[in-house]
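Read in order, the letters of the sequence shown are residues 1 to 520 in UniProt numbering.
Okay, so here's the structure we're looking at.
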Amino acid sequence: MNDTYDALQARVAALEERNTTLEAEKRHYQWLAESTTDLISRHARDGTFLYASNAARELLGYAPSELIGVSAYQLFHPADLSDLLNKSSQVYYHNGFYQQTYRFRAKSGRYVWFETTSRTRRDPATGELIDILCVSRDVGRRVRAEAHRERLAQVVESTSDYVLFVGADQHIFSANEAARRQFSLPRKNPHAPLANVYTAASLELLEKVVMPAVARYGSWSGELEMHGRKEPLPVLSVVQAHRGRGAEAGHLSLLNHDIRLRKAAEAQARRHQAQIAHANRLATMGELTSNIAHELNQPLGAMANYASGALLQLRAKPDQPAHHLAHPIKQIDLQIQRLAKRLRHIRTFVRKGSTQCRPVKLSDVLEAAWSLCQWQYQQAQMQFIPVLPTRPVRVQADPVALEQVIVNLLLNALEASRHQHDASIVQLSAEERERNQVALHIDDQGPGVPEAQQTHIFTAFHSTRTEGLGMGLAISRSLMEAMGGQLSVSKSPLFNGARFTATLRSASFKAPATLHGRTL
């Protein structure tokens, strides 16, 4: 009897201990449910809230007691409720387990993006639905980020630029519609090498320059060539490394913008500029007609004199040895060579051609330009003083284009100075500057250029002379820029007139010094 009683007491104690444990676990789970930032809720079969955790305050603005007895379906966005009730493909469903991302109306009236994982409980005997347990979290930030990525993806897919995604093996694993159409890539899993889309020269540049630069700096941009239908396709490319959380190592994005129209426009602009420069040279030669006549008359007159002298000797002594006529014949030959040289120079000056920069000796270009302007300076009784560095200087320039610029500036300086009282000097000076540059200054004694006009004087058709077309300075600046240089105007520090400064890149030259304050 006592044994039975003791066993009963022990059983009662065990049950009490078990109940205490269960109560502790219940309080623990209750604390977890009330402390989590996710909304934990229990619903009847019609969606009515039977329980809601404290997270409802933070997520929806409702006190948990305000939700009890309210159907959750009334707070669904209508479109999302339809997906749930109709078991849309947007809702994951498997054996009583649901997961859906949807909009749920908060107390303020705004909709909050929720992701809810729910589980139904049914009576094991009858299969009747008992309740629905749900865990819901705010995924608005994630949904907005996904929408942003989707918008970007739609832009990438619809752009006319050729967008390629490349893996670590430098094979294309994805491309937008424009690239697929241009290079005949399949929509899914193209796995094509870069050699299929880029020319051999650009592929070499990608391997030797672009990829190392992207690995070091994260991005690179520049011009490349892709395979076109009939000829290479020039593109402006931006290569970007995939970095950040979740990015695959070695993956790249290549954005390629078709620049055929820009290239064609640049070529047309260069042709147009060459045509205008050629027309300007022809106009300049029209102004230099008297100089040309002067240059031709001198050798022709000398040849006539020597020929007349030789004829007189032959008439006086018909039987004299031929070597007695060597001197006049030699002089005639020298004059013919001089004339041919002058004609070649004039033909080169007026010849139509594109700008091609190369190292040129500055003094040679200056002497050639001065020879075209010398006659005008002599007629105007204007003195020209060149002041050049003691060491011969070479610059990167097109000799004909640079000659045209100098001729234009020298003639402008002459015209600006000729009508000024006591004006008799135009000075040309050159100086070597830092950063591998050479500056050429032309100072005149004219009225100068007002500061207000200095920004407009290089504009086409802007002229301070009533008879001028206003194209010389505009063309001169264009030619200087085409050679990688600059042309500017300021007040002369030597005279009361203007100073025009032409700046070019220098080139190395190690010949002995020969020029210093030399009059050309």
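Every residue, glycine too, gets a C-beta built ideally from N, C-alpha and C.
Just so you know, these numbers come straight off a predicted model, no measurement behind them.
query                                                                                                          : result
Residues sharing a beta bridge with Glu150, DSSP                                                               : Beta-bridge pairing links Glu150 to no other residue.
Through-space distance from Asp161 to Arg141, alpha-carbon basis                                               : 30 Å
Sequence-distant residues of its chain with Cβ nearer than 8 Å to Asp46 (five each side left out)              : Ser71, Tyr73
Inter-residue spacing [alpha-carbon to alpha-carbon] between Leu325 and Ile442                                 : 48 Å
Assigned secondary structure, Asp319 (DSSP; H/G/I helix, E/B strand, else coil)                                : coil
Helix, strand or coil at His421 according to DSSP, with G and I counted as helix                               : coil
Ala439, enclosing beta strand (DSSP E) - first and last residue                                                : 437-443
Contact check, Leu366 vs Val393, beta carbons under 7 Å                                                        : no
Residue from Asp83, Leu67, Arg229, Glu225 with nearest C-alpha to Arg181                                       : Arg229
Inter-residue spacing [alpha-carbon to alpha-carbon] between Gln90 and Ala79                                   : 11 Å
Whole-number beta carbon distance between Met483 and Ala401, since they are thought to touch under 8 Å         : 6 Å
Three-state secondary structure (DSSP) of Ala304                                                               : helix
Ser424 classed as buried or exposed, judged by whether at least 16 other C-beta atoms fall within 10 angstroms : exposed
Opposing strand residues paired with His43 [DSSP bridges]                                                      : Phe49, Ile132
Start and end residues, beta strand (DSSP E) containing Phe97                                                  : 97-105
Candidates Val360, Ser118, Lys107: closest to Leu84 by CA position                                             : Ser118
Closest Cα partner of Pro190 within the set Val197, Ser174, Ala200                                             : Ser174
The alpha helix (DSSP H) enclosing Asp80, as first and last residue numbers                                    : 78-85
For Tyr162, three-class secondary structure by DSSP                                                            : strand
Cβ neighbours of Val395 in the same chain (closer than 7 Å, five flanking residues each side left out)         : Val360, Leu362, Val438, Leu504, Arg505, Ser506, Ala507
Local conformation of Ala507 per DSSP, three classes                                                           : strand
Touch test, the region 369-384 against the region 472-482, Cβ-Cβ under 8 Å, three pairs minimum                : no
Euclidean distance between Cα positions of Pro328 and Leu334                                                   : 10 Å
Residues near Thr466 by beta carbon distance below 7 Å, same chain, minus five either side                     : Legend: pLDDT at Thr466 = 45, less than 50; position of this residue unreliable, no value from coordinates given.
Contacting residues, own chain, Cβ-Cβ under 7 Å from Lys87 (five flanking each side not counted)               : Tyr93
N-terminal and C-terminal residue of the beta strand (DSSP E) that Ile457 is part of                           : Careful: Ile457 lies outside any beta strand (DSSP E) and carries neither H nor E.
DSSP bridge partner residues for Ala310 (one or two, in chain order)                                           : None, per the DSSP bridge assignment.
Minimum C-alpha distance to Ile132 - residue among Ala44, Asn412, Asp319                                       : Ala44
Exposed unless 16 or more other CB atoms sit within 10 angstroms - verdict on Asn496                           : exposed
Between the CA atoms of Pro193 and Ala168 - distance to the nearest angstrom                                   : 11 Å
Cβ separation of Gln356 and Asp398, assumed to be a contact under 8 Å, to the nearest whole Å                  : 5 Å
Pair within 7 Å by beta-carbon distance, Glu177 and Glu157                                                     : yes
Nearest to Val135 (by Cα), restricted to the options Arg271, Phe49, Ala264, Gln240                             : Phe49
Range of the contiguous alpha helix (DSSP H) that encloses Gly472                                              : 472-482
Endpoints, beta strand (DSSP E) assigned at Asp364                                                             : No beta strand (DSSP E) contains Asp364, which is instead part of the alpha helix (DSSP H) from 362-379.
Pick from Gln381, Arg315, Phe165, Asp444 that is closest to Leu252, judged by C-alpha positions                : Phe165
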